[in-house]
Every structure is written in C-alpha cells, then in structure tokens.
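Peer 1: So the sequence shown is residues 11 to 141, counted in the working numbering.
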Amino acid sequence: MKILILFLLLFYGCRRNQIATKSVEENNPISNIKWDVKTIDFGNVCQDTIIKGCFNLYNQDTLPLLIYYVNPECNCTNFSVSSYLINPQDSSQIILHLNTEGKHGYQRIITTVCTNSRQKFFKLTLKGYID
C-alpha cells in the first residue's frame, strides 16, 4: 500500500511539473534569435572529402533557448552542438560534418534543428558539387 501511495505522489508531482514547464514554454516562446548563416555552399570538392560547416545561433531574447534536437536528413552527416541550452545574450555552435564518400554531382544536405522558439524548426543546408 505504501508503494502505491509513493508511486501516485511521484507520478502526480512529475505530471504537474511537465504541465507547468509546457505552460511556460507555450506562453513565453523565444522570439528574438539569430543565425549567422543557414546555408553553406562548399563549392566544388573532390570525392572522399569531409566537409565541415559551422552554424552559429544567437539568443537575443531574455529567456533561455533550448535546442531539442538536431536531425540530419542523411546518415552521411554527423553533427556536434556546443550547447543545447543557450542563455539570454549567449550563443551556440552547430557543426555539421558531411562525408562525401560515394557521392557524385550536386549535393544538397538539409539538417533540421528544433528549438523552443516561436519558429520551432530551422533548416540548415550544406550544398555544393562533388567531383
């Protein structure tokens, strides 16, 4: 019986916290963010090259900005994020690494970034021609 009561209290507390967090995010979405670039044209490169694209995201709002996830459309692209939590007036860097092995011709690789901003989704693009 004690375990059941403990479980119910724990479940109610967690659920209440989720509702409160969701309410804060919906009522106060981040609206003042800036990207330095969202598209990088790497030009002409030889096959079997690793392309590195750096994308900087700036939080110019008064609330913390969260990066929920980064999702490259192709498994040929890896990524790293300097910080998933971006405090007000701070920045984060997303680095995409595109492996051109087995690729030929014009390439356009899109990576989706999801945040707690008013515009939830952003597309980062690496494009260019592989010889």
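We put the beta carbon where it would ideally sit given N, CA and C, even for glycine. Values in this document were obtained by computation on a predicted structure and should not be read as measured data.
Going by C-alpha to C-alpha distance, which of E83, G138, K113, D100 sits closest to L73?
Peer 2: Minimum Cα distance to L73 is reached at D100.
Peer 1: Would you mind reading off the limits of the beta strand (DSSP E) that contains K62?
Peer 2: Taken as a continuous stretch (DSSP letters only), the beta strand (DSSP E) holding K62 covers 60–69.
Peer 1: Applying the criterion that 16 or more other CB atoms from any shown protein chain within 10 Å of the CB defines a buried residue, is S90 buried or exposed?
Peer 2: So S90 ends up on the exposed side.
Peer 1: Could you give the first and the last residue of the continuous beta strand (DSSP E) run that contains I119?
Peer 2: I119 -> beta strand (DSSP E) spans 115–125.
Peer 1: Looking only at its chain, what residues have a beta carbon closer than 8 Å to the beta carbon of E35, apart from the 5 residues adjacent to it on each side?
Peer 2: Reliability of the predicted coordinates at E35 is poor, the pLDDT of 48 falling under 50, and no value is obtained from them.
Peer 1: Can you tell me where the beta strand (DSSP E) holding T72 begins and where it ends?
Peer 2: Per DSSP, T72 belongs to no beta strand (DSSP E) and is neither H nor E.
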